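Engineer: Submitted below is the structure of interest, expressed as structure tokens.
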Amino acid sequence: MRPRARSRLCNDQLQSRFAARRRSVCTLVVAGIGAIMLMAGTALATISCKVASPAAAAGAGVIARGDPARVQVTADEFRLVLSRSSIKAGPAIVELVNLGEDEHDLALRRAGPGAVTRRINVVTPGGIGELSARLRTGRFVLWCTLADHRARGMRATLLVR
């Protein structure tokens with residue numbers, strides 16, 4: 705009788721140990737699934753934010769903070785034509801396109817005291833010159849400095865807001 709009692713006792717102990725292990729394994733599995741779902745949810749939320757933000761910004765026509773304002777100045781005998789009459793203050797790119805038969809350059813100066821004159825060097829016919837500068841708010845006068853080009857009408861005004 706004793707051997708059977710022992711085996712029954714051993715079987716009961718083994719069954720209770722297996723039951724405890726099964727419960728802990730189930731707990732770990734459920735916790736693991738929960739953690740995976742939480743991480744996946746966080747990853748999806750992060751991905752959707754990163755994808756949505758640039759698309760939303762692009763769709764709204766928002767310009768990134770560091771993008772320079774641009775204006776193109778077309779030179780022809782004897783006139784300057786601006787692609788736009790005003791630009792935003794800050795970093796700017798002024799492009800001179802020479803569509804004329806003569807060489808042209810471009811001078812740019814803010815009206816008012818302490819003004820600095822900026823220049824795009826001589827551009828040959830069919831050529832392009834460029835100036836990158838930080839422009840402050842104000843009215844800027846643009847002109848061709850060569851020979852009598854300014855007197856003959858090669859001047860324009862750009863408003864920087």
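Position 93 of the sequence shown, counted from 1, bears residue number 797 in the numbering used here, the numbering being contiguous throughout.
Virtual Cβ for every residue (Gly too), placed ideally from N, Cα, C.
As the structure is a computational prediction, the values presented were derived from the model and not from experiment.
#1: Just to check my reading of the structure: Val775 and Ser787 have Cβ atoms closer than 8 Å, yes? What is that Cβ distance to the nearest angstrom?
#2: By Cβ distance, which residues of its chain are closer than 7 Å to Ala837, with the 5 residues on each side in sequence left out?
#3: Helix, strand or coil: which one does DSSP assign to His808?
#4: DSSP three-state call for Asp852: helix, strand or coil?
#5: Mind checking which residues open and close the beta strand (DSSP E) that includes Pro829?
#6: Which residue from Asp780, Leu862 and Cys848 puts its Cα closest to that of Asn802?
#7: Among Gly857, Leu850 and Leu862, whose alpha-carbon lies nearest the alpha-carbon of Asp806?
#8: Name, in chain order, the residues that DSSP records as bridge partners for Glu799.
#9: Comparing C-alpha positions only, which one of Lys792, Thr778 and Val785 sits nearest to Trp770?
Structural biologist: Let's see:
#1: 6 Å
#2: Contacts found: Ala796 and Arg822.
#3: strand
#4: coil
#5: That residue, Pro829, is in no beta strand (DSSP E); it is neither H nor E in DSSP.
#6: Checked all of Asp780, Leu862 and Cys848; the closest Cα to Asn802 is Asp780.
#7: Leu850
#8: Gln776 and Glu834
#9: Reading the sequence as shown, one finds Gly at residue 770 and not Trp. Of the candidates Lys792, Thr778 and Val785, the residue whose Cα lies closest to the Cα of Gly770 is Lys792.
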